[in-house]
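Here is the structure we will look at.
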Amino acid sequence: MPHFPVNSNNIKEDILKIVCPETVHHLVNALRIKKGEIIKFIDERKIQYKAEIIDFSKKEVAAKILESETSKRELSYNIFLAQSILKQDGENLLISNAAQLGIKGVYPFISEYSTIKKDIAEFKGEKWQRISDEAFKQCERADRMPVFEISPLPEILKKFKKENIIIFAEKYENTDILNAVKTLNINEDILLVTGPEGGFSEDEFNFFKKEGYKMATLGNLIFKAPNAVTAGAANVIFALDLYKKGCQV
35 MPHFPVNSNN IKEDILKIVC PETVHHLVNA LRIKKGEIIK FIDERKIQYK
85 AEIIDFSKKE VAAKILESET SKRELSYNIF LAQSILKQDG ENLLISNAAQ
135 LGIKGVYPFI SEYSTIKKDI AEFKGEKWQR ISDEAFKQCE RADRMPVFEI
185 SPLPEILKKF KKENIIIFAE KYENTDILNA VKTLNINEDI LLVTGPEGGF
235 SEDEFNFFKK EGYKMATLGN LIFKAPNAVT AGAANVIFAL DLYKKGCQV
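The sequence shown begins at 35 in the numbering used here and counts up one residue at a time.
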């Protein structure tokens, strides 16, 4: 069952009210809710509510809270993604998968081999955020995943400590995921970096090598770009969870 965002300011005692026009429209017109129906909601404090619909109109939905608990549907560390913008279908899939994996936020950038131009990509920001928000609802994430404005990759890299950055690069990899993860500090923000459909250019590889970034491989198989992001992030998360539990890999 998906959950829907609610502002804690609109919760009074055991009654919550939804006034966001988009959410009201979704509940009333798309889902065609009925009085007595049980719906899940979540506020900005990551408290999830199970509530019974008691009244609704085209402008507002009211529900009585039956149960509430702090959501645990989030990673215990912050992983961000910097990704070279892909073609439309691939980019949409990437954003949705990143949100489902628990990625904290996505930084889109234009690389040398990107097939989409910046002026066109800038119009896509709102759509990408809607895709992220839809995944947030469907997989009951504890928090929304922001899709940030397009920025040059060097500026994005400066926001993170170098030792907490992993660049997925098959051509000049200098480590594998398991070894790359061993040196990450899970108490600091982590950044995963992925390239476009055609991969990074020689100039970009030379920049990574010169700056001493970890470049990790996904193994012998070749993935399509959005699937490479999913596989890479999932492997990093799996490895981090193993190390947190004290497992030796």
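All C-beta atoms in this analysis are idealised placements derived from N, C-alpha and C, irrespective of residue type, glycine included.
Could you tell me if GLY232 is buried or exposed, where buried requires 16 or more neighbouring beta carbons within 10 angstroms of its beta carbon?
exposed
Secondary structure of THR264, DSSP reduced to three states
DSSP places THR264 in helix when its eight states are reduced to three.
Would you kindly work out how many angstroms separate the C-alpha atoms of GLU71 and GLU101, rounded to a whole number?
14 Å
Under 9 Å between the Cβ atoms of SER130 and ALA85?
No, the pair does not count as a contact, with Cβ atoms beyond the cut-off.
Distance, MET179 Cα to ALA132 Cα:
8 Å
Alpha helix (DSSP H) segment containing LEU191, residue limits
187 to 191
Looking at the unbroken alpha helix (DSSP H) that takes in ILE199, where does it start and where does it end?
Taken as a continuous stretch (DSSP letters only), ILE199 belongs to no alpha helix (DSSP H), being part of the beta strand (DSSP E) at 199 to 202.
From the DSSP output, which residues share a beta bridge with GLY139?
PHE114
To the nearest angstrom, report how far apart GLN163 and ARG66 are at their CA atoms.
24 Å
Neighbourhood of GLN291 by C-beta, 7 Å cutoff - its chain only, sequence neighbours within 5 removed:
Outside the displayed span of the chain (35 to 283) sits residue 291, for which this structure offers no information.
Grouping DSSP H, G and I as helix and E and B as strand, with all else coil, what is PHE38?
strand
Grouping DSSP H, G and I as helix and E and B as strand, with all else coil, what is GLU101?
In the structure shown, GLU101 sits in a strand (DSSP, three-state: E or B).
Contacts around VAL215, its chain only, beta-carbon distance under 7 Å, and the 5 residues preceding and following it disregarded:
VAL270, ALA273, LEU274, TYR277
Where do the N-terminal and C-terminal ends of the alpha helix (DSSP H) with ASP89 fall, by residue?
It is not in any alpha helix (DSSP H) - ASP89 instead sits in the beta strand (DSSP E) that spans 81 to 90.
Determine the DSSP secondary structure at ASP210, reduced to helix, strand or coil.
strand
Indicate whether the contact test is met: 3 or more Cβ pairs, each with one atom in the region 188 to 199 and one in the region 224 to 244, closer than 8 Å.
yes
Which word fits LEU191, buried or exposed, when buried means at least 16 other C-beta atoms lie within 10 angstroms of its C-beta?
buried
Beta-bridge pairing of MET249 - partner residues as DSSP gives them:
ILE201
Let's see if you can read the secondary structure: which residues bound the alpha helix (DSSP H) around PHE170?
159 to 172
GLN134 versus GLU204 - alpha carbon distance
25 Å
From LYS69 to ASN43, what does the alpha carbon distance come to, in whole angstroms?
In a straight line, the C-alpha of LYS69 is about 23 Å away from that of ASN43.
Exposure label - ILE165; buried when at least 16 CB within 10 Å:
ILE165 should be labelled buried.
Less than 8 Å separating the Cβ of GLU47 from some heavy atom of the ligand SAM?
Absent from the structure shown: the ligand SAM. Ligands present: none.
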